[in-house]
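Chains as they are written, first to last, in numbering that gives the first Met the number 0: chain A, 0 to 454; chain B, 0 to 454; chain C, 0 to 454; chain D, 0 to 454. The C-beta atom is built at its ideal place from N, Cα and C for all residues, glycine as well.
Number of protein chains: 4
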Amino acid sequence: MDDDTVRINVGGTMFTTRLSTVQKYPNTLLGSISFESDCYSKDDKSFYFDRNPELFNTILDYYRNGCLHLPNHLCGWLWKTELEFWKIPLTDISECCHKTISSYNKRVDVSKMLKAVFSPLNHSEYASPSGIGKLRHRLWLFLDEPESSTWAKVFSFIYLSTVLVSASFPCLKTHPGIRIQTSNATTILKLAAYNNVQMWMNKDNHKEMQFATTKEPNWLYYWSLVICIFFSVETILRVLTCSTKNKFVKEWLNILDIILFVIMWICYGIKHAEKEILSNKHLAYFLCFCEAVSVLRLFKFFRLAKQYSSLRILFIAVQSSVRELLLLLITFFVFGWMFANLVYYTEILESESFPNMLVGFWWSVVTMTTVGYGDVYPVGPLGRVVGVLCSLCGLLVLAMPIAIIAGNFDSLCRHNEEREAYVKLQTKQKSNIPKAWETSKIDPNYPIKLFESYT
Amino acid sequence: MDDDTVRINVGGTMFTTRLSTVQKYPNTLLGSISFESDCYSKDDKSFYFDRNPELFNTILDYYRNGCLHLPNHLCGWLWKTELEFWKIPLTDISECCHKTISSYNKRVDVSKMLKAVFSPLNHSEYASPSGIGKLRHRLWLFLDEPESSTWAKVFSFIYLSTVLVSASFPCLKTHPGIRIQTSNATTILKLAAYNNVQMWMNKDNHKEMQFATTKEPNWLYYWSLVICIFFSVETILRVLTCSTKNKFVKEWLNILDIILFVIMWICYGIKHAEKEILSNKHLAYFLCFCEAVSVLRLFKFFRLAKQYSSLRILFIAVQSSVRELLLLLITFFVFGWMFANLVYYTEILESESFPNMLVGFWWSVVTMTTVGYGDVYPVGPLGRVVGVLCSLCGLLVLAMPIAIIAGNFDSLCRHNEEREAYVKLQTKQKSNIPKAWETSKIDPNYPIKLFESYT
Amino acid sequence: MDDDTVRINVGGTMFTTRLSTVQKYPNTLLGSISFESDCYSKDDKSFYFDRNPELFNTILDYYRNGCLHLPNHLCGWLWKTELEFWKIPLTDISECCHKTISSYNKRVDVSKMLKAVFSPLNHSEYASPSGIGKLRHRLWLFLDEPESSTWAKVFSFIYLSTVLVSASFPCLKTHPGIRIQTSNATTILKLAAYNNVQMWMNKDNHKEMQFATTKEPNWLYYWSLVICIFFSVETILRVLTCSTKNKFVKEWLNILDIILFVIMWICYGIKHAEKEILSNKHLAYFLCFCEAVSVLRLFKFFRLAKQYSSLRILFIAVQSSVRELLLLLITFFVFGWMFANLVYYTEILESESFPNMLVGFWWSVVTMTTVGYGDVYPVGPLGRVVGVLCSLCGLLVLAMPIAIIAGNFDSLCRHNEEREAYVKLQTKQKSNIPKAWETSKIDPNYPIKLFESYT
Amino acid sequence: MDDDTVRINVGGTMFTTRLSTVQKYPNTLLGSISFESDCYSKDDKSFYFDRNPELFNTILDYYRNGCLHLPNHLCGWLWKTELEFWKIPLTDISECCHKTISSYNKRVDVSKMLKAVFSPLNHSEYASPSGIGKLRHRLWLFLDEPESSTWAKVFSFIYLSTVLVSASFPCLKTHPGIRIQTSNATTILKLAAYNNVQMWMNKDNHKEMQFATTKEPNWLYYWSLVICIFFSVETILRVLTCSTKNKFVKEWLNILDIILFVIMWICYGIKHAEKEILSNKHLAYFLCFCEAVSVLRLFKFFRLAKQYSSLRILFIAVQSSVRELLLLLITFFVFGWMFANLVYYTEILESESFPNMLVGFWWSVVTMTTVGYGDVYPVGPLGRVVGVLCSLCGLLVLAMPIAIIAGNFDSLCRHNEEREAYVKLQTKQKSNIPKAWETSKIDPNYPIKLFESYT
């Protein structure tokens, strides 16, 4: 061997290469070594580095081949550390092998995000010794942390039951079998004429007439009042006890609570003005709108999510798939509208089907999602060809983004499972194993048993 | 090199590092070595450990980098053993690389579970030498193990055929073409009036009148009696011969057998009181309920599962996806109910559609599952917007948990395939290969042939 | 180090372990080494084996840990060879790491299967020098191998066009707009009465009356005769030219050809007996059956599969998923029948819906597949609960096996893609690269250029 | 050891094997070594190669085992380079391990394709210093690159809004609530009779009569004219400013623009000939066709794709799945047609359902896609059996290719994500890190800190 040869001792293993090879990249650590540097040992004429020799093969191949290809069985963290040590920029990793680094980065990001979502709350902000601060802390624990005490558990159970019961109220309120007949249609129309009130209702619409001629029973009225008061008190307490108002505002469930609180009482206010509802169409519609919106109280059910991680993962999956959801909507509506046009013009000779293009859009949506009610469908041969294309297009256009969203959910679930296994191990080991290690140190024979064969 | 340098000989490969590095974690084996310990060899000034040098690179990196990142191409078992040897706690594995361990643990759990499900039964409990014990054992084998004898196979075939035949009986029993006319509607009503019996039936309901005016043919009556007796005898024998009563109770198929046994005979009892059925509404309804429940005898078909592993895997997959199923139900019902509310209020002006909110719920379920019967559908523009949202929401909400459940089934199937391949190999090798090895030992020339080149 | 220590030189790398360790398994090669054997070198006191040192780490761990865990980044073939060399039985691989071997075995099986399916045909059986043999071979190539000559390509194109055209004939034959009116319904009934022929037709059934009062146009009759003759000649030639009759019988497309050949001519025979068809119900039904079966000629289209690999892969995927298809059918029908029972009994009070249980089964199938025609649907509240359960059950029960079948198809497609890439590379390299290597040998400077740095 | 032994020093690690082993393949580099070659060092009696010793294990196993099995944790590029160095042909890789190479090749192909699609445009072709050239460049940037300037962004926003607005015009144009009544049906018919014009319209068809008796409002007419002119100017500018006409023609969006441009003005031309439309059926139909085609202007929306990568990936996924789409269509239509035949003949006795076979085809398509309108459905028992088979077949036949297409989309998305991460890293590192490295070189203590322990 000639003078060009360099011997490098990495963690005990000797590597031999040419000096010209390593000097290809003078900005890196290996490219800037010289026989005067501290790591050169004159005894065995080699440079010594205290690193992993297995990884050094890849590092040396960077100098030999001029590009960096990472084996994919090692963690991205190791490569980041190793490349930093050897002063090789991360950008010199070839594109085909960059996956190791980028998937590690992504993994860490997801880990952090999950940790933030599932982390136990920081109670330090309640550290104030004043009596009111303590009371607020206690109330907040009672309302928000079912695990904190038995009473909190009981409250949590009552809360969820109330949500479920209140969810059934809109149904009871409007069910013909429960409402109480107060007058019949003829009477009310006569009465209106007598009072000179302009009735806005359509006499042929059962549902509208029902509201005019019946009223909800008293027990239902009082029970919904009770539930209203319960939720109001709960919302007010939440607002009062929440430590940092900013954080309170951030959580969408809290905002929803406040909106529902406002709407609930508006409803109650309007309801008492019975006569005005009968004469004022817009007030009646506004009441309907309020009633419809108040179904969102069902989302209070998702407070359960705190105890039920799958539900949270579902939310996170939907959140992190915003791009795919947008894609789904854009392609869905573009294709839907296109087929609406096509089916309208291809069915223009059929007198019954597709009176206008909006019906066509409704049809194309119903077809693309494969719901297929059958209220409208093409009847002419050309229209049916459009129908075949529409249903196949729908399957394709929907399958692709939904597969990705389902995949995101799947990978988040797996990730969370691993996180839970890790947390469980950490908790278990913290309480038990340290003692085990201590005792193993006390036992004087243990190491001997293991190594006695070497003597 | 200076005094700080340590040379460690791991399985023949020499590693060099600094003493200060390994002393970072004094509780570990490598952190507590000293030049007086037995593994220190003064000849070549190194510590000797009889371990795998490939794995030691990772161990040493733990001391160099301060965290443990495992390569993912090696089995979790190896790492567990290795970390135990070097006395490094499992909790020091960094989160990003903990997957190796947790996936190994999961794999072992699934393996054990599958082994328990598919293991051959332990016959030792029948070891009692008494004649009755032997008889019980034989009967039990006859009933439960089709592979045990030819007669058991024949019985198993008869059993499955009987289940299939009996499954068609409810259909035959109620089919208008098979029932025999006994009287017509007018006669029976007159008769009832004459006997002063209060008839509960709705004259306009064909199905109810059919039960009053027709009866099942005799051949059907006697055949169902035969099948009833067959199943009864079989259930009684099962109860008697089952070795450990506790285990019998645990298996849900056995519990189902007993429930069906009870219901079957209740049905027979009630049926004979024909007159009372005609006059007593509740008795008739109870009979209907019993008949409806007795369709569960179809589940007896799943005894086949013992011979058909895919079916069992399906059950296990559903069982182990309880979390996802719950998630599916919760989100499905919350969204379903929400859309029921929305569609009711947005369609309030349409006189025909959605008479009450329960119909709205039925509609939203039918839409979210993309079944779309078309018995109810929104007709107003706002209602159709709700319809579009509902169908898209349904696709998303259903796709995510179902993808996970399907994925669980898929991974269980693969796992089971591997288990079967392994069991097959073990069985084959046990019978053949040992002999082969023995003969190879007898052949005195074999090792020479292989190694003669080294001489 | 003491006498217990053994030094093993594997391919140049030195391993050190204890003699007692390797002697744990005396039946293996390493367990039976002695200092007298040929592989022991007295110079450096070590046993020499010419094997891969990287793999030897795993082998040695087998002796150290007592079980064999294989890294998963190496091919199963390597491990099989390695374990055979060291005389370690394959059964000593621990279950968690057996995947490497079993997935390799599976991969090889799939490879062989795909190779068999896509292999070029063996023409050796036509090697007979006789003139008839040659002619048969030529005809067979002409019929079955479109790639063999230009005429074969033309024939293949004509064949496929004919299949497509003939597929549209059943439609043309029965379309009211194409059939020619021969008489009207009144005339034919009178005629029948006059001839004393008992007409079997239902006067209210348009479709049946159409067959009686119209006839297919002449041009259609003659064209279908031409196509019939074309297919007949083709089938006869196939039977005559096919070299090995057994193989001919094995391929289902050929059997189908013969069946279609028979049915086609039976149809033609029957059709001429017009009068008898009108009077004989069973003959008419048999004709209908023949016409219905002859649609299977559409499967002739799949001869295209020879040129279109995706289609073959689809067939193979369905074939290799027989287990999952069976599972799909069993669970589908058990659940379908169960829901049929449940819906019948829960809807017994509704006079209109579900007149009998078979309608219930039709409904449950239509619901479980989410088709949802809306011809039958539950109307009572209990029936609708059954409907909700049925549709959710259907989604689950269908999603699981279909996911597996789709997965099988996916993996077969990927496998085939790789096979194609491999075959392409082999073909390319065979024609070009050998020459390149030869020239590189001629160039005397090439090795010098590469190695001049070592001098 | 004897004369047959060869010592090979690969990058510092010594390998020992037999000369006869390496001479198995004399065409390879290792097979042609001799003691006279430059790489032989007489000092330590070994051949020296400056390569990666980790990879050399696999190379040497090629000589030992006679076939090449690659570990799958290393990049295909490394193996290609390594095999080229050792002059081993790529075709000697065994089929089971060829995946490493083929997946690398595929990966590189996909990378190149994605790079080509998402690459920034080459502006060099506008380098001409002439004033007109500059203007063209500016206009082109303004029209096609929203990122180039604020005005371009504004234009892009206006453009997309115009597309959205113009998409709603066909709907407004044909909606009964917006069109203005000009005459009633009776008047127009009388007028036609008076003018001796042969009216082609069907009096019973609302939609056709609406076109005759109403006209679009003026505001709509002028707005659509404005939009027409806007799109025309835009198209003309695009044609004029596009640098290379060939490339312009290649992009399908541009071709679409020109087609729409022509159709738009034809429509306007025809519309003014109101009287002729009423009397000439074919002209009216041609107008309908033009209106239907002009919905394709919705595809202008996909110019957004330039800014929205998911949409492009969707297109690429569909493009690269042509094979699977074709498979989908072939199997779908073959099975659809088959079930159409079967259902027609099995339902021939039912007088109402399936009047002809085309209706059967429509039914089978609607069933296989699980749309299930319920306009046609089998009613007889045999027909329903065909229905059950059809829906199950549909699920299977559609699930398989769609799973593959969704999988292609998924893998392309992942690939693109990695590409984006890589591009981001490269961009970031280029601007920041070089400086960091420079400063680290200035700091004279940095290397000392790292290596001081070795001294």
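Collapsing the DSSP output to three states places K214(A) in a strand. Flagged as an interface residue toward chain A: Y344(B), by a C-beta distance shorter than 8 Å. Under the Cβ criterion of 8 Å, G373(D) is counted among the residues facing chain B. Between A316(A) and N407(A), the gap from beta carbon to beta carbon is short of 8 Å. Within the same chain, and ignoring the five residues on either side of I403(B) in sequence, the residues whose Cβ sits closer than 6 Å to its Cβ are E323. Within 10 angstroms of the beta-carbon of E273(A) lie fewer than 16 other beta-carbons, which makes it exposed. Under the three-state reduction of DSSP, Q180(C) is assigned to strand.
Residue range K98 to F117 is occupied by the alpha helix (DSSP H) that includes Y103(A).
At least 8 Å separates the beta-carbon of C95(D) from that of C412(C). Annotation: the continuous alpha helix (DSSP H) that includes S308(D) extends over S308 to S319. With a minimum length of 3 residues, there is no unbroken run of beta strand (DSSP E) contained wholly in the region 352–439 of chain D. Note that the C-beta distance between A166(B) and W362(C) is not below 8 Å. No Cβ of chain B is located within less than 8 Å of the beta carbon of H205(D). F14(C) reaches chain B at G10 and G11, counting residues in chain order whose Cβ is nearer than 7 Å.
Contact of R50(C) with chain B is not assigned, every C-beta pair being separated by 8 Å or more.
Pairing N71(A) with E53(D) gives a Cβ-Cβ distance that is not under 8 Å. By the CB criterion at 8 Å, L391(C) and T185(B) fall outside the cutoff. Under the 8 Å criterion on CB atoms, F408(D) is classed as interfacial with respect to chain A.
Here S160(D) is exposed: its Cβ has fewer than 16 other Cβ atoms, across all protein chains shown, within 10 Å. With 16 or more other Cβ atoms inside 10 Å of its own Cβ, K206(C) counts as buried. Sequence-distant Cβ neighbours of S320(C) in its own chain, meaning closer than 6 Å and more than five residues away, are I404 and N407.
Where Y47(B) is concerned, the enclosing beta strand (DSSP E) starts and stops at S45 to F48.
Per the DSSP secondary-structure output, Y39(D) pairs in a beta bridge with F46(D). Residue range W251 to K270 is occupied by the alpha helix (DSSP H) that includes V261(C). Secondary structure of N8(D) (DSSP, three-state): strand. In the DSSP assignment, D60(A) falls within the unbroken alpha helix (DSSP H) covering P52 to N64. Look at L67(B) here: in three-state DSSP terms it is strand.
Against chain B, the beta carbon of V387(C) has neighbours under 7 Å at V364, listed in chain order. The beta carbon of P169(D) sits closer than 8 Å to those of E290, S293 and V294, all from its chain and outside the five residues before and after it, given in chain order. By the Cβ rule, the region 212–222 of chain D counts as touching the region 172–179 of chain D, because three or more pairs are nearer than 8 Å. Contact between the region 279–289 of chain C and the region 252–271 of chain C is present: three or more C-beta pairs spanning the two stretches fall below 8 Å.
Just measuring C-alpha positions, the residue of W222(D), L357(D), F338(D) and S118(D) sitting nearest V378(A) is L357(D). Note on A339(A): 16 or more other CB atoms within 10 angstroms of its CB, so buried under the neighbour-count rule.
DSSP places I131(A) inside the alpha helix (DSSP H), whose first and last residues are G130 to D143.
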